[in-house]
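Read through the structure below, which is laid out as structure tokens, and then see the notes.
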Amino acid sequence: MFRDMKWYAKQYGYSIRTIQRRIEWIKAHASRYPEDAVVYDGTKPFIREDVFEDLIRNRNNIDAGLDPAFKEEQR
Numbered sequence: 137m138f139r140d141m142k143w144y145a146k147q148y149g150y151s152i153r154t155i156q157r158r159i160e161w162i163k164a165h166a167s168r169y170p171e172d173a174v175v176y177d178g179t180k181p182f183i184r185e186d187v188f189e190d191l192i193r194n195r196n197n198i199d200a201g202l203d204p205a206f207k208e209e210q211r
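Per my numbering: the sequence shown = residues 137 to 211.
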């Protein structure tokens with residue numbers, strides 16, 4: 137399921153700017169995630185929940201050079 141930045145900010149207690157930085161991080165690691173990890177409705181980005189949860193769990197490991205497997209949500 138796709139959610140907008142405001143939903144993630146409220147759900148996780150992040151600022152909108154932090155969510156924007158997370159979107160930039162996802163784009164920088166595009167080879168790890170599916171093409172539709174971040175989609176846009178006009179200028180408003182929507183992020184897949186499984187991608188964002190993977191980012192929260194594994195970002196430090198990925199940045200350290202480890203590459204835990206991405207478990208894609210079954211649709």
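Glycine residues also receive a C-beta, built at the ideal position from the N, C-alpha and C atoms.
Could you please give me the residues that DSSP links to I183 through a beta bridge? R139 and V174
On the three-state DSSP scale, how would you describe A164? helix
Between the C-alpha atoms of M141 and E171, what's the straight-line distance to the nearest angstrom? 18 Å
Excluding the 5 residues flanking V187 on each side, which residues of the same chain have their C-beta closer than 7 Å to its C-beta? I162, Y169 and A173
What did DSSP end up calling D199 once you bin it into helix, strand or coil? helix
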